[in-house]
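Peer 1: Protein chains in written order, with the numbering used here: chain A, 1 to 134; chain B, 1 to 461.
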Amino acid sequence: MKSIVIGVIGADVHAVGNKIIEYTLTNAGYNVVNIGVLSTQEDFIHAAIETDAPLILVSSLYGHGEIDCRGMRAKCIESGIGDVLLYVGGNIVVGKQDFQEVRDRFMKMGFDRVYPPGTPIDEALADIRRDLGE
Amino acid sequence: MSRYLMIDFGSTFTKLVAVDRERGEVLGTAMRPTTVATDIRIGYRAAFQDLLADIGTPVVFDRITACSSAAGGLKMCAIGLVEELTVEAAKRVCLGAGAKVDLVFAHHCTKAEIRQIFDKKIDIVLLAGGADGGNAECALHNLKMLGEGGVRVPVVYAGNKDVQDEVAALFARYGLDGHIAENVMPRINQLNVKSARDEIRTIFLKNIIVAKGIKKIEDEIDEVVLPTPEAVLVAAELLSKGYMDEAGLGELCVVDIGGATTDMYSVCHATKRSDVILRGLEEPYAKRTVEGDLGLRWSAPGIVKALSEEEIAWIARDTGIDLRAETDKRFADVSYLPEDEAGETVDRLLSEMCTYKAMSRHAGRMEEVFTPLGMVYNQSGKDLTDVRIVIGTGGPVIRSKWPAAILAKASNVLRDTAELRPAKPDYYIDEDYLMAAMGLYARIDPLGALRIMKQHLRQVH
Chain A
1 MKSIVIGVIG ADVHAVGNKI IEYTLTNAGY NVVNIGVLST QEDFIHAAIE TDAPLILVSS
61 LYGHGEIDCR GMRAKCIESG IGDVLLYVGG NIVVGKQDFQ EVRDRFMKMG FDRVYPPGTP
121 IDEALADIRR DLGE
Chain B
1 MSRYLMIDFG STFTKLVAVD RERGEVLGTA MRPTTVATDI RIGYRAAFQD LLADIGTPVV
61 FDRITACSSA AGGLKMCAIG LVEELTVEAA KRVCLGAGAK VDLVFAHHCT KAEIRQIFDK
121 KIDIVLLAGG ADGGNAECAL HNLKMLGEGG VRVPVVYAGN KDVQDEVAAL FARYGLDGHI
181 AENVMPRINQ LNVKSARDEI RTIFLKNIIV AKGIKKIEDE IDEVVLPTPE AVLVAAELLS
241 KGYMDEAGLG ELCVVDIGGA TTDMYSVCHA TKRSDVILRG LEEPYAKRTV EGDLGLRWSA
301 PGIVKALSEE EIAWIARDTG IDLRAETDKR FADVSYLPED EAGETVDRLL SEMCTYKAMS
361 RHAGRMEEVF TPLGMVYNQS GKDLTDVRIV IGTGGPVIRS KWPAAILAKA SNVLRDTAEL
421 RPAKPDYYID EDYLMAAMGL YARIDPLGAL RIMKQHLRQV H
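#1: B:A30 and B:A47: beta carbons closer than 9 Å?
#2: For a cutoff of 9 Å on Cβ pairs, would you count B:G130 as touching chain A?
#3: On the DSSP bridge assignment, give the partners of B:F13 in chain order.
#4: Put A:M109 into one of helix, strand or coil per three-state DSSP.
#5: With 9 Å set as the bound, which would you pick, yes or no: does the beta-carbon of A:T119 sit closer than that to a beta-carbon of chain B?
#6: By how many angstroms is the C-alpha of B:L205 removed from the C-alpha of B:V163?
#7: Going by DSSP, what residue range makes up the beta strand (DSSP E) through B:F105?
#8: Closest by CA to A:N31, which one among A:S39, A:P54, A:V13, A:I45?
#9: Can you list the residues of chain A that B:R279 reaches, using a CB-CB cut of under 7 Å?
#10: By the DSSP assignment, the alpha helix (DSSP H) with B:A66 in it spans what residues?
#11: Tell me, please, which residues DSSP counts as bridged to B:H179.
#12: Between B:T319, B:L323, B:R21, which has its C-alpha nearest B:S308's C-alpha?
#13: State yes or no: is the beta carbon of A:Y23 nearer than 9 Å to at least one beta carbon in chain B?
#14: Let me check one thing: in DSSP terms, what residues is B:T393 bridge-paired to?
#15: Spell out a yes or no on whether the stretch 166 to 177 of chain B and the stretch 139 to 157 of chain B are touching, meaning 3 or more CB-CB pairs, one atom from each, closer than 8 Å.
#16: When burial is assigned at 16 or more other CB atoms within 10 Å of the CB, is A:L132 buried or exposed?
#17: Could you name the residues of chain B that A:S3 contacts, counting a contact when the two beta carbons are closer than 7 Å?
#18: Are B:G381 and B:A363 close, meaning C-beta to C-beta below 9 Å?
#19: Rounded to whole angstroms, what is the Cα-Cα separation between B:M76 and B:R201?
#20: From A:L25 to A:L125, what distance separates their C-alpha atoms?
#21: How about the stretch 13 to 30 of chain B and the stretch 45 to 65 of chain B: do they share at least three Cβ pairs that are nearer than 8 Å?
#22: Could you tell me whether the stretch 183 to 196 of chain B touches the stretch 35 to 43 of chain B, using the rule of 3 or more Cβ pairs below 8 Å?
#23: Going by alpha carbons, who is nearest to B:Q455 out of B:D430, B:Y441, B:A437, B:G439?
#24: What separation, rounded to the nearest whole angstrom, lies between the Cα atoms of A:V102 and A:G65?
#25: Where does the unbroken beta strand (DSSP E) through B:R291 begin, and where does it stop?
#26: Is the beta carbon of B:R21 less than 9 Å from the beta carbon of B:V59?
#27: Per the DSSP calculation, A:Y30 is bridged to which residue(s)?
#28: Is A:D98 buried or exposed, if buried means 16 or more other CB atoms sit within 10 Å of its CB?
#29: Any C-beta of chain A within less than 9 Å: which residues of the stretch 167 to 199 of chain B qualify?
#30: Whole angstroms is fine: what's the gap from A:H14's alpha carbon to A:L61's?
#31: Could you check where the beta strand (DSSP E) with A:I6 kicks off and where it finishes?
#32: Rounded C-beta distance between B:T228 and B:G374? I'm assuming under 8 Å.
#33: Going by the DSSP bridge assignment, what does B:C77 pair with across the sheet?
#34: Please state whether DSSP places A:I81 in a helix, a strand or coil.
#35: Along the chain, which unbroken stretches of the alpha helix (DSSP H) at least 4 residues long are found entirely within the stretch 340 to 373 of chain B?
#36: Under a three-way DSSP split, which group does A:V93 fall into?
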């Protein structure tokens, strides 16, 4: 069973979506490692190392996702899990921004998948299966 | 008539406590220097004669049991993967088993690190790494390093359970004294202490006390059953929880200052608040931490090292004490007992520092986080603010003229709101030095042990 680390990054305490993601991915047959709200980049990375998770799924609902996610790929590389898949989704930026630009910015930061607000988790699940070669 | 004798072979003193079960009271106590360097039985016999003199009438004991922290106690090396996760979990298991954790390694071990296991005379290695189903490569690498490094001391594997078979094969291949226990962290942030702790205890009783020359005592007594700090932890938990109809004291902390270490125990839940978000590894209900650099004799220089030049100068100006000279004196003569007020004052000052620092490392932290949803409290470690009872044990506290002043340093004297120290506790001392003995006696008669502890605690102001 493959492990997926999920959690809500930064000073963000939105717990509802986090539970829905846990429920959906668990039902889909993954070992979901939910580190919960108020999680730092290090919390995600440490959990991924200990559980040998090939994927980290970061949620950010309060608009500060860009600041919170900056440098995360570099830290993964430093921690020896440079090839881990990084997904991010939620309300990751504030204001009405063109999402294609936002996506590009997060891709440049080293994220593999970037989801706009309102994306159903099932959509991400299809990507997860593809990216994990299932 | 059922009478029991409990012995605590400490690093400095051998302490005896005799109990009469029917009368539910202590018959007598005695204390002599520990003689493990020559023959542990010499000090015991001398203390036993003192005890008989103290009791006054001849007495036959139904059972004689002991705990030990003599000959350096139980020295362990904890190895894990990530510092905040399996490394921390492994460390906590060692501490809960009554060990001193002299070496801690994270990630892939090097040859130089493995050599330190020999240099530091480690007694047992605890090897963890990976949640169940998670990383196994690192623990297997470290096990190979232990094997290739020729480590002869027992190795307990308590990592990812997926590779237990490979681990067993490597134990056999390298001829290691290997033992397998349940994973100390089966899931992220979940702590699983019991299995590995029991394994460590078994090894301690079967091998370590033989190697240290403590086993000899079993010619004259029934058996050595626990490392001393674990006996104290058992006693603290019993005293807190109570037993059957006999109520316990509720949440409490115990401060045990010794010559070599300062041990801090807390028996309470991590938090009672519903408005905080806990982070980090799960906290044990009965938790022990030990500070190997804080003690009044062997570790006295460590106390000074933790201070800045300015602080040492402040102390010299305010009290006229040359802290460096005083701690060097204590380190050079570990059996030193203060003879005058000045000497006692120095010991008090050092005890206060030990208490303050040890609690600083034991208590949890609270961080206030401003979020778009308002203020959120983010807690790591244990919240001791509601703990109303702080108990002092160990010679430097119970023999001091100022036990309350020393124990008060466990509370939030500097009003640091981030540190979750006991806010307004009452202070007690284990006046007759019974806690370790009662941890042993609790195995025979928990109700009796609880009642005796309650009777012999004295409140200090």
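Ideal Cβ placement from N, Cα and C applies to all residues, glycine included.
Peer 2: Inspection of the coordinates gives the following:
#1: Along the second sequence, one-based indexing puts residue 30 of chain B at 30. Along the second sequence, one-based indexing puts residue 47 of chain B at 47. For B:A30 and B:A47, yes; Cβs fall inside 9 Å.
#2: For the purposes of this step, residue 130 of chain B is taken as residue 130 along the second sequence, with counting starting at 1. Chain A, which has a Cβ nearer than 9 Å to the Cβ of B:G130, makes this yes.
#3: Working through the second sequence from its first residue, we reach residue 13 of chain B at position 13. Bridge pairing for B:F13: B:P33 [DSSP].
#4: Locating residue 109 of chain A in the first sequence gives position 109, where the first residue counts as 1. In the structure shown, A:M109 falls within a coil segment according to DSSP collapsed to helix, strand and coil.
#5: Here residue 119 of chain A corresponds to residue number 119 of the first sequence, with the count starting at 1. Not one chain B Cβ lies under 9 Å of A:T119.
#6: Position 163 of the second sequence, counted from the start, is the residue given in the question as residue 163 of chain B. Position 205 of the second sequence, counted from the start, is the residue given in the question as residue 205 of chain B. Going by the C-alpha atoms only, they are around 27 Å apart.
#7: Counting from 1 along the second sequence, the entry for residue 105 of chain B is found at position 105. Where B:F105 is concerned, the enclosing beta strand (DSSP E) stretches over 100 to 105.
#8: Here residue 31 of chain A refers to the residue found at position 31 of the first sequence. Looking at the Cα atoms, A:P54 is the closest of the given residues.
#9: In the second sequence, counting from the first residue as 1, residue 279 of chain B sits at position 279. At a beta-carbon threshold of 7 Å, the residues of chain A lying near B:R279 are L38, ordered along the chain.
#10: Position 66 of the second sequence, counting from 1, holds the residue named residue 66 of chain B. It is not in any alpha helix (DSSP H) - B:A66 instead sits in the beta strand (DSSP E) that spans 63 to 68.
#11: Within the second sequence, residue 179 of chain B is the residue found at index 179, counting from 1. DSSP output for B:H179 lists B:V156 as bridge partner(s).
#12: As a working mapping, residue 308 of chain B is identified with position 308 in the second sequence. For the set B:T319, B:L323, B:R21, the Cα lying nearest the Cα of B:S308 is the one of B:L323.
#13: Taking the first residue of the first sequence as 1, we reach residue 23 of chain A at position 23. Not a single C-beta of chain B is nearer than 9 Å to the C-beta of A:Y23.
#14: Counting from one through the second sequence, the residue named residue 393 of chain B turns up at place 393. Beta-bridge annotation (DSSP): B:T393 is paired with B:D256.
#15: Output reads yes: the stretch 139 to 157 of chain B touches the stretch 166 to 177 of chain B.
#16: Position 132 of the first sequence, counted from the first residue, corresponds to residue 132 of chain A. Result: exposed.
#17: On the first sequence, residue 3 of chain A is found 3 positions in, with the first residue counted as 1. Against chain B, a Cβ distance below 7 Å from A:S3 picks out G133, G134.
#18: Position 381 of the second sequence, counted from the start, is the residue given in the question as residue 381 of chain B. Position 363 of the second sequence, counted from the start, is the residue given in the question as residue 363 of chain B. Yes, the pair counts as a contact, with Cβ atoms nearer than the cut-off.
#19: The residue given as residue 76 of chain B occupies position 76 in the second sequence. The residue given as residue 201 of chain B occupies position 201 in the second sequence. If you take the alpha carbons of B:M76 and B:R201, they lie about 12 Å apart.
#20: Residue numbering aside, residue 25 of chain A sits at position 25 when the first sequence is read from its first letter. Residue numbering aside, residue 125 of chain A sits at position 125 when the first sequence is read from its first letter. Each residue's alpha carbon lies about 7 Å from the other.
#21: Yes: the two stretches touch, three or more of their Cβ pairs being nearer than 8 Å.
#22: The stretch 183 to 196 of chain B makes no contact with the stretch 35 to 43 of chain B: fewer than 3 CB pairs, one atom from each, lie closer than 8 Å.
#23: What you label residue 455 of chain B is simply residue 455 of the second sequence in a count that begins at 1. With distances taken between CA atoms, B:Q455 lies nearest to B:D430 out of B:D430, B:Y441, B:A437, B:G439.
#24: The sequence position of residue 102 of chain A within the first sequence is 102, counting from 1. The sequence position of residue 65 of chain A within the first sequence is 65, counting from 1. Looking at the two C-alpha atoms, the distance is approximately 11 Å.
#25: Your numbering for residue 291 of chain B matches position 291 in the second sequence. Looking at the sequence provided, one finds Glu at residue 291 of chain B rather than Arg. Residue range 286 to 291 is occupied by the beta strand (DSSP E) that includes B:E291.
#26: Reading the second sequence from its first residue, position 21 is the one you call residue 21 of chain B. Reading the second sequence from its first residue, position 59 is the one you call residue 59 of chain B. No, the pair does not count as a contact, with Cβ atoms beyond the cut-off.
#27: Here residue 30 of chain A is taken as the residue at index 30 of the first sequence, counted from 1. Residue pairing from DSSP leaves A:Y30 without any beta-bridge partner.
#28: Working through the first sequence from its first residue, we reach residue 98 of chain A at position 98. Label assigned to A:D98: exposed.
#29: Against chain A - using a Cβ distance shorter than 9 Å - the residues of the stretch 167 to 199 of chain B are M185, R187, I188, N189.
#30: Residue numbering aside, residue 14 of chain A sits at position 14 when the first sequence is read from its first letter. Residue numbering aside, residue 61 of chain A sits at position 61 when the first sequence is read from its first letter. Approximately 7 Å, taken between the alpha carbons.
#31: The count along the first sequence starts at 1 and reaches residue 6 of chain A at position 6. For A:I6, the uninterrupted beta strand (DSSP E) segment begins and ends at 3 to 8.
#32: Within the second sequence, the letter at position 228 stands for residue 228 of chain B. Within the second sequence, the letter at position 374 stands for residue 374 of chain B. Rounded, the Cβ-Cβ distance is 48 Å, inconsistent with contact.
#33: Here residue 77 of chain B refers to the residue found at position 77 when the second sequence is read from its first residue. Within the DSSP secondary-structure output, B:C77 pairs in a beta bridge with B:L103, B:V125.
#34: Taking the first sequence and counting its residues from 1, the one referred to as residue 81 of chain A is at position 81. In the structure shown, A:I81 falls within a coil segment according to DSSP collapsed to helix, strand and coil.
#35: Here the runs fully enclosed are 341 to 362.
#36: Along the first sequence, read from residue 1 onward, the residue named residue 93 of chain A stands at position 93. A:V93 carries a coil assignment under DSSP once its states are collapsed to helix, strand and coil.
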